[in-house]
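Residue numbers (the numbering used here): 154 to 387.
Quick reminder that beta carbons are idealized off the backbone N, C-alpha and C, glycines included.
What follows is one structure encoded as structure tokens, with my remarks underneath.
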Amino acid sequence: MSQQSGNPGQPTRPDLPEPISQGGQGTWYPSGVSKLIPMWIRQLPSLRFPRRQNEAFELISDEFLHQIATTYQLDEAALEKIKQDRDFMEPELMVYFRELDHKAKLQQNGYRLFQLSILALATLATIIGSLQAVMLSSNPDILPWLGALEAFVALLTVFVVQTRGTNSRLSDWLNNRRKAEQMRREFFRYLMDLPPYRSIEVDYERKQTLSRRAAEIYNDKFPEEPSILEGRAM
Numbered sequence: 154m155s156q157q158s159g160n161p162g163q164p165t166r167p168d169l170p171e172p173i174s175q176g177g178q179g180t181w182y183p184s185g186v187s188k189l190i191p192m193w194i195r196q197l198p199s200l201r202f203p204r205r206q207n208e209a210f211e212l213i214s215d216e217f218l219h220q221i222a223t224t225y226q227l228d229e230a231a232l233e234k235i236k237q238d239r240d241f242m243e244p245e246l247m248v249y250f251r252e253l254d255h256k257a258k259l260q261q262n263g264y265r266l267f268q269l270s271i272l273a274l275a276t277l278a279t280i281i282g283s284l285q286a287v288m289l290s291s292n293p294d295i296l297p298w299l300g301a302l303e304a305f306v307a308l309l310t311v312f313v314v315q316t317r318g319t320n321s322r323l324s325d326w327l328n329n330r331r332k333a334e335q336m337r338r339e340f341f342r343y344l345m346d347l348p349p350y351r352s353i354e355v356d357y358e359r360k361q362t363l364s365r366r367a368a369e370i371y372n373d374k375f376p377e378e379p380s381i382l383e384g385r386a387m
């Protein structure tokens, strides 16, 4: 008796999505071209980065939720529970996550633009200096012009450093990214009923815990990390 290849009893896992973050997937490229461009290129900074957050941005879309429910054959009660939890977290957590996630991506984009600007200006200054060395013997009359151009590049570099800065933008980026990822963690902890929500039997207390932890994260007061053994039967 021949055996079919594979294990039909095991559900196939859906393809993992790209990193879920606002503006992090090369959204300034045309949709048909975006998938053909390597991820590292799509993650390069852009002058056209959206200045406003996407109010419709979701961590779990209805389409993806339907795909998971179909693949793993979730019953209607489980699917409805997930939708209810997701709807509750919309005003309690997702509004904060969208804000923090967008700020982090915007500041990341600005910081990387700053670094590339400094790199480009330093390269240009090096090229001008090399031309001065070459023209010293072959065409010395052009040296004053090259010197003036090099001085302009130096002034432009100082202007970029003073206006854009480095430390504040980097620290803001890292701080907002940390808070956004902590919010993302709480979203999936609540959705999957993981600690600290697993041990809470009363629904409104469970919701209060989520609201409190989200508010603490938003205000730079990171709540205590729960134990992975919390809520498990011994």
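Between residue 264 and residue 323, the C-beta spacing is below 8 Å.
Taking residue 277 as the centre and dropping the five residues before and after it, the same chain places the C-beta of 306 closer than 6 Å to its C-beta, in chain order. Ranked by Cα distance from residue 251, the options 212, 237, 271 and 348 are led by 212.
With 16 or more neighbouring CB atoms inside 10 Å of its own CB, residue 326 falls in the buried class. For residue 222, the CB contacts under 7 Å within the same chain, skipping 5 residues up- and downstream, are 232 in chain order. DSSP, reduced to helix, strand and coil, places residue 209 outside both helices and strands of the structure shown, so it counts as coil. Residue 269 is not a Cβ neighbour of residue 203, given a cutoff of 8 Å. Straight-line spacing of the CA atoms in residue 228 and residue 369 works out to 34 Å. The beta carbons of residue 274 and residue 309 sit about 6 Å from each other, so the pair counts as a contact at 8 Å. Looking from the CA of residue 348, the closest CA among 219, 330, 214 and 380 belongs to 380.
Using a C-beta cut-off of 8 Å, the stretch 336-344 makes no contact with the stretch 281-294, since fewer than three inter-stretch Cβ pairs fall below that distance. The DSSP-derived three-state label of residue 361 is helix. In this structure, the CA atom of residue 285 is about 39 Å from the CA atom of residue 259. Within the same chain, Cβ atoms closer than 7 Å to the Cβ of residue 302 are found at 281, the five residues on either side in sequence being excluded. Residue 247: not part of any alpha helix (DSSP H); DSSP gives it neither H nor E. Distances from the CA of residue 196 to each of 256, 297 and 262 were compared; the closest alpha carbon is that of 262.
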